[in-house]
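In my numbering, the protein residues as written are 323 to 527.
The beta-carbon is built from N, C-alpha and C at its ideal position, and this holds for glycine as well.
Okay, so here's the structure we're looking at.
Right, here's the structure in full:
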């Protein structure tokens, strides 16, 4: 598919064919593409927990307001953001020239250290960018997806054993859509959400 077609055909799916499975090899191919997502200072704040075991999916469904797509999908992904990703900067930049490391490593640490709100913002930003890449790449590979924010964060964190330096940003269910897909809901016109030069500037038209 052309990229514009992928964007147009990606929909947030809520009903899935529970007989369809996804294997680890397919997930490897998919996440090799997700790995190319952008992130601030290349810190790659994201980690995905792929919930595939039926019993674990059932428990995740309970933590996600009993929404059936969590259990019906082929894999339910807990998209996590790493709050202290800045501590990985030395490892991430280890193959860069020494002069780059000498400049970037302390700069990144100083920028984030002690700033809890910034760390949280960046964890959410980075994980969300990766989640959008995931949904587009999945569509390109013939899969349907649905992002979800309806879940108990503490319950999900306990279920997938997140450590305190990780937060669950969203769930993304992935599988094969079942039944008819409803027409796309209302979308704001471009002129309404793109403004020229300032928020009170003219809309793009």
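Quick one: is the Cβ of residue i within less than 7 Å of any heavy atom of the ligand FAD?
i	result
residue 417	Ligands displayed in this structure: none; no statement on the ligand FAD is therefore possible.
Assuming the contact rule is C-beta atoms closer than 8 Å, residue i and residue j should be a hit. Round their C-beta distance to whole Å, please.
i	j	result
residue 351	residue 404	With a Cβ gap of about 24 Å, residue 351 and residue 404 do not count as contacting.
residue 423	residue 415	5 Å
residue 472	residue 387	5 Å
residue 475	residue 490	5 Å
For residue i, does the count of other Cβ atoms within 10 angstroms reach 16, so buried, or fall short, so exposed?
i	result
residue 444	buried
residue 429	exposed
residue 396	buried
residue 466	buried
residue 399	buried
residue 521	exposed
residue 264	An answer regarding residue 264 cannot be provided, because it is not within the stretch 323 to 527 covered by the chain.
residue 436	exposed
residue 380	exposed
residue 518	exposed
Could you check what DSSP says for residue i in three-state terms: helix, strand or coil?
i	result
residue 481	helix
residue 489	strand
residue 517	strand
residue 428	helix
residue 437	coil
residue 353	helix
residue 470	strand
residue 395	coil
Could you tell me which residues DSSP puts in a beta bridge with residue i?
i	result
residue 323	According to DSSP, residue 323 bridges with nothing at all.
residue 499	338
residue 362	Residue 362 is not bridged to any residue.
residue 404	488
residue 525	517
residue 372	399
Counting contacts by CB-CB distance shorter than 8 Å, is residue i in contact with chain D?
i	result
residue 339	Considering every chain present, this structure includes no chain D. It has just one protein chain.
Three or more C-beta pairs under 8 Å: does that hold for the stretch 492-502 against the stretch 377-395?
yes
How do the stretch 453-462 and the stretch 352-359 stand: do at least 3 beta-carbon pairs fall below 8 Å, yes or no?
yes
Does the stretch 342-354 come close enough to the stretch 480-494 that 3 or more CB-CB pairs lie under 8 Å?
no
Spell out a yes or no on whether the stretch 433-452 and the stretch 404-414 are touching, meaning 3 or more CB-CB pairs, one atom from each, closer than 8 Å.
yes
With three or more C-beta pairs closer than 8 Å as the rule, is the stretch 328-341 touching the stretch 496-514?
yes
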